[in-house]
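**Q** Sequential numbering from 269 applies to the sequence shown in our numbering.
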Amino acid sequence: MNLKPVAIIHEGKKLKLNELWLSYPNNPNYLVSNLGRIRGWHGGHNRWINKKTRKDKDGYLIVGLTNLNGTLTTARVHRMVAETFIPNPSNCPVVNHKDNIKDNNDVSNLEWVTISYNTKHGYHIGASVSKASKIIKASFPNGELYSYYGSCSKMAKAFKIGRSRAEKDVKSGSFLNILNLEIVEEIPKDTIVGKIAFDHKIDYQFLNPYKITYKNNDIKYYDTIKTYAQEFDLTHSQAQRVLVNQLPHLLRKYNIHKIEKLSHEEYSRIYFNY
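1) Where do the ends of the beta strand (DSSP E) carrying residue 406 lie?
2) For the structure I just gave you, are there three or more beta carbon pairs, one from the segment 432-446 and one from the segment 484-500, closer than 8 Å?
3) I'd like to check one pair, residue 354 with residue 343: are the Cβ atoms closer than 8 Å?
4) Going by DSSP in three states, residue 495 sits in which element: helix, strand or coil?
5) Just to confirm, are residue 311 and residue 349 a CB contact at a threshold of 8 Å?
6) How would you write the range of the beta strand (DSSP E) that residue 518 sits in, first residue to last?
7) Figure out for me which residue from 425, 452, 300 and 321 has the closest Cα to the Cα of residue 375.
8) Measuring CA to CA, which of 534, 531, 530 and 506 is closest to residue 521?
9) With distance defined between alpha-carbon atoms, name the residue in 515, 532 and 530 nearest to residue 524.
10) Within 8 Å of any Cβ in chain B, is that where the Cβ of residue 425 sits?
11) Taking the C-alpha atoms as reference points, what is the distance between residue 431 and residue 406?
12) Helix or strand or just coil, what does DSSP make of residue 369?
13) Quick one: what's got a C-beta closer than 8 Å to residue 346's C-beta in the same chain, skipping five residues either side?
14) Which parts of the segment 300-353 are runs of the alpha helix (DSSP H), unbroken and 4 residues or longer, counting only runs that do not cross its ends?
15) Are the beta-carbon atoms of residue 417 and residue 404 separated by less than 8 Å?
16) Taking DSSP as the reference, what is the three-state secondary structure of residue 512?
17) Indicate whether residue 461 and residue 402 have their beta-carbon atoms separated by less than 8 Å.
18) Locate the alpha helix (DSSP H) running through residue 438, then write down its first and last residues.
19) Can you give me the Cβ contacts of residue 503 inside the same chain, cut-off strictly under 8 Å, excluding the 5 residues immediately before and after it?
20) Would DSSP call residue 453 helix, strand or coil?
21) In three-state DSSP terms, what is residue 291?
22) Return the CA-CA distance between residue 321 and residue 538, expressed in angstroms with no decimal places.
23) Among 448, 419 and 427, whose alpha-carbon lies nearest the alpha-carbon of residue 410?
24) Exposed or buried, what is residue 413 when buried is set at 16 or more other beta-carbons lying within 10 Å of its beta-carbon?
25) What separation, rounded to the nearest whole angstrom, lies between the Cα atoms of residue 399 and residue 464?
26) Report the option in 307, 499 and 295 whose CA atom is closest to the CA atom of residue 339.
27) Give me whichever residues DSSP pairs with residue 479 in a beta bridge.
28) Since I believe residue 481 is in contact with residue 526 (beta carbons under 8 Å), could you give me their beta-carbon distance rounded to a whole number of angstroms?
29) Cα separation between residue 519 and residue 508?
30) Exposed or buried, residue 536, counting other C-beta atoms within 10 Å across all chains shown (16 or more means buried)?
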């Protein structure tokens with residue numbers, strides 16, 4: 269792709285070498301720099317002015333824009349840079365920061381990726397975290413690393429538990445006797461960060477898990493009797509006769525070889541592959 273600069277703008281002592289400005293493709297009233305800066309056209313002053321940025325709740329730099337119809341909006345700077353400078357032939361939906369630093373919006377640090385890649389990318393690069401955050405290292409009892417987390421809130425989100433519960437677990441140094449938790453000074457690079465432990469929230473107050481081994485050797489897990497009943501369109505009492513009473517004619521009917529009642533810890537270990 270041939271890039272034709274709108275302008276290389278000289279700012280005296282503030283001159284940034286190799287800075288290229290192009291018209292923002294979604295709104296010609298704005299210029300986007302390959303270094304991640306934004307300028308807007310000021311009709312009253314008849315010149316381009318630098319736009320101030322701020323961080324959103326997720327830590328990304330955003331800028332206020334005026335749409336062509338006069339309405340106000342905000343846009344993430346890294347996405348504006350990618351839309352202006354980086355071709356996207358595969359129509360990927362996400363702009364990824366290669367170094368995982370959310371305010372480094374230099375075009376060389378950005379790439380179009382799939383949602384799946386963007387999620388996995390965070391597992392392999394040490395992320396920048398606030399100095400005020402408690403960095404948590406989670407590992408198995410044998411010393412094998414599970415993941416690092418940039419804060420108790422991030423660990424709570426990954427484990428699908430409340431923040432107060434996460435803080436108590438970190439203080440005790442253990443999560444369900446499966447993972448050892450410790451506060452560390454920093455997250456190393458090229459390591460696992462922010463690994464999602466559960467794909468859904470587990471309500472331990474009502475957790476009543478079962479493991480079913482079918483005659484064809486398939487194995488399925490159910491967190492409650494209700495979950496099992498819903499899958500097979502049974503009433504709660506019907507499901508209870510299968511799982512709790514284990515009536516022989518029902519085991520034959522559903523081709524069940526074995527039913528095991530699991531503890532909370534045993535059920536959770538399944539998700540951690542431990």
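The beta-carbon is built from N, C-alpha and C at its ideal position, and this holds for glycine as well.
**A** This is what the structure holds:
1) 403-407
2) The segment 432-446, when compared against the segment 484-500, does not touch it at the 8 Å Cβ threshold.
3) no
4) helix
5) no
6) Counting along the chain, residue 518 falls outside any beta strand (DSSP E), though it belongs to the alpha helix (DSSP H) covering 516-521.
7) 300
8) 506
9) 515
10) Of the protein chains in the structure, only one exists, and it is not chain B.
11) 16 Å
12) coil
13) 304, 328, 329, 363, 365, 370, 373 and 378
14) 345-353
15) yes
16) coil
17) no
18) 431-440 is the span of the alpha helix (DSSP H), which, as asked, contains residue 438.
19) Excluding sequence neighbours, residue 503 sits near 497.
20) Assignment of residue 453 by DSSP, reduced to helix, strand and coil, places it in the coil class.
21) strand
22) 44 Å
23) 448
24) exposed
25) Model confidence at residue 399 stands at a pLDDT of 49, short of 50, so the residue's coordinates are unreliable and nothing is read from them.
26) 295
27) 489 and 528
28) 4 Å
29) Answer to the nearest angstrom: the Cα atoms are 12 Å apart.
30) buried
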